[in-house]
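*Asks:*
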Amino acid sequence: MSSDENARPRVPTVGGDPREGVDVDEPSGKTWFRDLDEAVIEADRCIQCGTCVAACPSDSIGIDEIEERPTLVSMCTGCSRCWDFCPRSGLRYERLADIESADRPADVGRTVAARAHSDATAAAGQDGGAVTALLGELLDAGEIDAALVATESDDQPLKGEAYLATSRADLREAAGSSYNQTMQLGRLHELLDEADLDDPDVAVVGTPCVIEGAAALERYELRDEASPIALRIALMCTRNFEYDRLRSILVDHGVDLEAVDGLDVTEGDLIATDADGEVLLEESVDAFDTAGLDGCAECADFVGETADISVGNVGSPDEYTTVVVRSERGADAWATGSDGLETLPLDETESLDRLADWNERRARDGLPREFDREGALSIAYREHREAYDGTDCEPEPLNPARVYQYEEWC
Ligand SMILES: Cc1cc2nc3c(=O)[nH]c(=O)nc-3n(C[C@H](O)[C@H](O)[C@H](O)COP(=O)(O)OP(=O)(O)OC[C@H]3O[C@@H](n4cnc5c(N)ncnc54)[C@H](O)[C@@H]3O)c2cc1C
Ligand code: SF4
Ligand code: SF4
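When you line the sequence shown up against the working numbering, it's residues 1 to 410, in that order.
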């Protein structure tokens, strides 16, 4: 292929892009929202973490409320940050995990099974209610001012929506798992504005991909204000679903969505129960394959390696949560918040390790690019195209405006 053919495509472009209608060569080293849109969102690889929205310094990216995905709402300046922070394009998430773990003291890690002391909290929680209880203790102790979590939509049954909990009552309301992504990080600033909190410390709870975005934003945040994120809690995850597709498969299986009180995915089955704990549906999760997010096949991060604390159910007795404390900040939060929990030692973590291994093998198979923990943190647009479309590209020069590329980023 000639170098002319290797050059970036020329416009036409999407609305709001300053190049619209102008037939000019693009400046080198810039990546535009349009590139992210084509490579990730239109390609159905977006995992709806909202990191690109949060990373855009000009607030040019909003959220399409119907499709629940990023969309351009004002002029894109080509600053490239949406690309650089997206775990499905420019951010080599496995490298970020490696950088994060290098910062962690070796003696911090511990894994326990935990359950809320309060029976009501334990019952409201997905497993042992450990997350709800821990966050409640941290709020009471003034260690955090709010937690970014998910709660059920008022008008769409079972649909999780991003939610800022500022009290124990809010946390109780939001307890349990939502089996859809909520563009969480992209809604954080709006939710903080609504809550009108002064210089808040926020715990972010989310699937590991959301936590990767939160970790990158915290580490490389270039906005003037300090990051509000004070703690990152990952919900272990092998995949999440697209809400409309999940809803329609449930309805096809004869489930009355209004009657469902809890959904759980455990040991290969999806189980829907009503408020009395009666099972409304128990079906192999394979039956829901077409509702899964395609971008999850590229995810190796089952445990949430960039989190301060990871939580799940694998390896714990019923009605307990598996808790992995991963960082110094996580250990401090655990020291303060675990008063609200009863714990059991969990010496055997074989099932956890097995699932994490399986997940990584799946991702290595599903990732068109190389999975490389020691690779450059930033994946350039052209390198991505080469891996995903087979386009043979010239190396992309660095843009001095992307200053963070000169640190570990490159
Ligand atoms: C999509 C998904 C897949 C999962 N898959 C696995 C798995 O394969 N194996 C495993 O061991 N564990 C998995 N988990 C984690 C597990 O379901 C529980 O969340 C975890 O064990 C904590 O239980 P708990 O009772 O302590 O949490 P709770 O006390 O119920 O608190 C959970 C907190 O997480 C928030 N939350 C729930 N869903 C979301 C969401 N989608 N986005 C943001 N915040 C949310 C809630 O609002 C609440 O604050 C998954 C979770 C999710 C959301
Ligand atoms: S950063 Fe997240 S929300 Fe934005 S395009 Fe990438 S995967 Fe989708
Ligand atoms: S499997 Fe990975 S990419 Fe998919 S929702 Fe879970 S953490 Fe995110």
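Heads up, the beta-carbon is just placed ideally off N, CA and C, and yes, glycines get one too.
Does the region 312-331 come close enough to the region 139-150 to have 3 or more Cβ pairs within less than 8 Å?
*Replies:* no
*Asks:* Regarding Arg239 and ligand 3, is the C-beta to nearest heavy atom distance less than 8 Å?
*Replies:* Taken from the Cβ of Arg239, at least one heavy atom of ligand 3 lies inside 8 Å.
*Asks:* Restricting to Cα atoms, I'd like to know which of Ile61, Tyr163, Pro57 and Gly277 is closest to Asp37.
*Replies:* Ile61
*Asks:* Any idea what DSSP makes of Ile416, helix, strand or coil?
*Replies:* Absent from the model: residue 416. The displayed extent of the chain is 1 to 410, so no value can be given.
*Asks:* What's the C-alpha gap between Asp332 and Ser338?
*Replies:* Rounded to the nearest angstrom, the two C-alpha atoms are 10 Å apart.
*Asks:* Starting from the N-terminal end, write out each residue whose C-beta falls within a distance shorter than 5 Å of any non-hydrogen atom of ligand 2.
*Replies:* Val40, Cys46, Ile47, Cys49, Thr51, Cys52, Pro70, Cys86 and Arg88
*Asks:* Within 8 Å: the Cβ of Val202 and any heavy atom of ligand 3?
*Replies:* Relative to the non-hydrogen atoms of ligand 3, the Cβ of Val202 never comes closer than 8 Å to any of them.
*Asks:* Roughly how many angstroms separate the alpha carbons of Ala122 and Glu190, rounded to a whole number?
*Replies:* 30 Å
*Asks:* Under a Cβ-count criterion, where at least 16 other Cβ atoms within 10 Å of its own Cβ denotes burial, should Pro57 be classed as buried or exposed?
*Replies:* exposed
*Asks:* Just to confirm, is the Cβ distance from Ala297 to Glu242 under 9 Å?
*Replies:* no
*Asks:* Out of Glu218, Thr273 and Asp244, which one is the CA nearest neighbour of Thr51?
*Replies:* Glu218
*Asks:* Per DSSP, Leu263 is paired with what?
*Replies:* Ala272
*Asks:* For Ala195, is the beta carbon positioned less than 8 Å from some heavy atom of ligand 1?
*Replies:* no
*Asks:* Measure the alpha-carbon distance for Asp347 versus Thr132 and round it to whole angstroms.
*Replies:* 24 Å
*Asks:* Drop a sphere of 10 angstroms on the beta-carbon of Pro208, count the other beta-carbons inside from all chains shown, and report buried for 16 or more, exposed for fewer.
*Replies:* buried
*Asks:* What residue from Gly295, Asp269 and Ala275 has the CA that sits closest to Ala287's CA?
*Replies:* The alpha carbon of Ala287 has as its nearest neighbour, out of Gly295, Asp269 and Ala275, the alpha carbon of Asp269.
*Asks:* Would Glu65 be called buried (16 or more neighbouring beta carbons within 10 Å of its own) or exposed?
*Replies:* exposed
*Asks:* Take the Cβ of His117 as the centre, count every other Cβ of all protein chains shown within 10 Å, and call the residue buried at 16 or more, exposed below.
*Replies:* Exposed is the call here.
*Asks:* Helix or strand or just coil, what does DSSP make of Leu352?
*Replies:* If DSSP states are grouped into helix, strand and coil, Leu352 belongs with the helices.
*Asks:* If I'm right that Gly136 touches Arg115 with Cβ under 8 Å, what's the distance once you round it to whole angstroms?
*Replies:* Actually they are not in contact, since the Cβ atoms of Gly136 and Arg115 sit about 14 Å apart, beyond 8 Å.
*Asks:* I'd like the span of the alpha helix (DSSP H) that includes Thr51, first residue to last.
*Replies:* Thr51 to Ala55
*Asks:* Where are the beta strand (DSSP E) runs, 3 residues long or more, that stay fully inside the region 78-156, in chain order?
*Replies:* 110-116 and 146-152
*Asks:* Given a cut-off of 9 Å on the beta-carbon distance, is the pair Val112 and Leu355 in contact?
*Replies:* no
*Asks:* With a CB to CB cut of under 6 Å and the five nearest residues on each side skipped, what residues in its chain are close to Glu282?
*Replies:* Asp269 and Ile271
*Asks:* I'd like the list of long-range same chain contacts for Asp264, defined as Cβ closer than 6 Å, with 5 residues on each side in sequence excluded.
*Replies:* Ile271
*Asks:* For Ala165, which beta-bridge partners are listed by DSSP?
*Replies:* Ala147
*Asks:* Who are Val323's beta bridge partners in DSSP?
*Replies:* Val112 and Val311
*Asks:* Can you look up Thr207 in the DSSP assignment and give me helix, strand or coil?
*Replies:* coil
*Asks:* With respect to the alpha helix (DSSP H) encompassing Leu188, which residues constitute its N-terminal and C-terminal limits?
*Replies:* Gln184 to Ala195
*Asks:* Tell me the rounded alpha-carbon separation between Thr388 and Pro200.
*Replies:* For clarity, residue 388 is Tyr in the given sequence; the question names Thr instead. A straight line joining the alpha-carbon of Tyr388 with that of Pro200 spans about 40 Å.
*Asks:* One question on the structure: do Arg232 and Asp308 come within less than 9 Å of each other, judged by their Cβ atoms?
*Replies:* yes
*Asks:* Would you mind sorting Ala102 into buried or exposed? The rule is 16 or more other CB atoms within 10 Å of its CB.
*Replies:* exposed
*Asks:* Which of helix, strand or coil does DSSP assign to Leu341?
*Replies:* strand
*Asks:* Between the alpha carbons of Thr391 and Glu370, how many angstroms are there, rounded?
*Replies:* 15 Å
*Asks:* Quick check: the Cα distance between Ala376 and Arg81, rounded to an integer number of angstroms?
*Replies:* Straight-line measurement puts the Cα of Arg81 at about 16 Å from the Cα of Ala376.
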